[in-house]
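Student: I'd like to ask some things about the structure below.
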Amino acid sequence: MPTLKQPAKAPTSTKKAAPKKPRHKKTAKPLAPERVAAILVELRKAYPDVVCALTHRNAFELVIATALSAQTTDVNVNKVTPALFKLYPTPKRLAAASLPEIEEIIHSTGFYRAKAKNIQGAARVLVERFGGKVPETIDELTTLPGVARKTANVVLGSWFGIAEGVVVDTHVLRLSRRLELTKATEPKKVERDLMKVIPQDRWIQFSHELIHHGRQVCVARRPRCVDCSLERLCNSKDKTWSSEEQRLEN
Ligand code: SF4
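9 is the number that my numbering gives to position 9 of the sequence shown; each next residue is one higher, with no gaps.
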């Protein structure tokens, strides 16, 4: 008698189930002063001595290094600036340099043609309008080619210690949104929102701290929430782990 063929067993999947994403919970009052203060306390504790990661010895070098950091990493910029500043240590020397030579030195930072033109243009304006000195206001700094508000804020804050605004780079923008300190997506609007809720005496350090946190923990794709000192204060929908859900499950 023919035996009945057993239906083939469905193969058991060897794939591991993806870790469960925490449920998204809304923060009742994201801009409440006590919440903002708690975020600032945690950031200061996590990054007590944080400084600008671009190597520089003076305001001129910081202007140039920050202009070169567009669309690349600070590490990449730090690789080219020693050679650049060795050959052209002053605005006057950079203003008189040969453009192809500048392009060759800064080539690896990307967009090297535009950047070379801008940094030489900035050096020329420094010589012609500011007597070779870096000015100390946003309005004057942003007259330099290649220097927008972000670069001006970096130079004012990191070199002169002047808090005229908040540096909003890609990390500050992403983290400020995750922490619900702003809903804006445009850097200028994000800066305006941050200036309203962060005390002015914390503007400079706050952006350094967020930049470091964004590089080390709250990274773009899979933030490392399990290692984050702000986790209890954060209800971002991007969270990958929640201490509260862990507590409820146990
Ligand atoms: S808990 Fe996660 S998403 Fe929130 S700030 Fe920390 S790392 Fe970023």
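For glycine and all other residues, C-beta sits at the position ideal for the given N, C-alpha and C.
A quick note: this is a predicted structure, and the numbers were derived from the prediction, not measured.
(1) Give the secondary structure of K133 by DSSP, where H, G and I count as helix, E and B as strand, and everything else as coil.
(2) From which residue to which residue does the alpha helix (DSSP H) around F85 run?
(3) By alpha-carbon positions, which one of A65, A46, R129 ends up nearest to C218?
(4) Between which two residues does the alpha helix (DSSP H) carrying K45 extend?
(5) Give a yes or no on contact between the region 93 to 107 and the region 21 to 36, applying the rule of three or more CB pairs nearer than 8 angstroms.
(6) Give me, in chain order, the residues of the same chain whose beta-carbon lies closer than 7 angstroms to that of V167; leave out the 5 immediate sequence neighbours on both sides.
(7) Am I right that A59 and F160 are in contact with their C-beta atoms under 8 angstroms? What's the rounded C-beta distance?
(8) Using 8 angstroms for Cβ pairs, my map puts L94 next to A123. What's the rounded Cβ distance?
(9) Mapping the DSSP letters down to three states, classify L144 as helix, strand or coil.
(10) Where L181 and D193 are concerned, what is the direct C-alpha to C-alpha distance, given to the nearest angstrom?
(11) Output the boundary residues of the alpha helix (DSSP H) element that contains G214.
(12) Express the C-alpha separation of E61 and N78 in angstroms, rounding to a whole number.
(13) My output table needs one value for V167: the three-state DSSP class, helix, strand or coil.
(14) Give me the Cα-Cα distance between K9 and D227, rounded to the nearest whole angstrom.
(15) In whole angstroms, what is the alpha-carbon distance linking E209 and N118?
Tutor: If we stick to the structure as given:
(1) coil
(2) For F85, the enclosing alpha helix (DSSP H) stretches over residues 74 to 87.
(3) A46
(4) K45 -> alpha helix (DSSP H) spans 33 to 46.
(5) They do not touch, by the three-pair rule.
(6) K150, N153, V154, G157, S207
(7) Beta-carbon to beta-carbon, A59 and F160 are separated by about 7 angstroms, close enough to satisfy the 8 angstroms threshold.
(8) 4 angstroms
(9) coil
(10) 7 angstroms
(11) From DSSP, the alpha helix (DSSP H) with G214 extends over 203 to 216.
(12) The straight-line gap from Cα to Cα measures roughly 11 angstroms.
(13) Note: V167 maps to coil in three-state DSSP.
(14) Model confidence at K9 stands at a pLDDT of 48, short of 50, so the residue's coordinates are unreliable; what they give is reported in the following sentence. The alpha-carbon atoms of K9 and D227 are separated by roughly 42 angstroms.
(15) E209 and N118 have their C-alpha atoms spaced approximately 28 angstroms apart.
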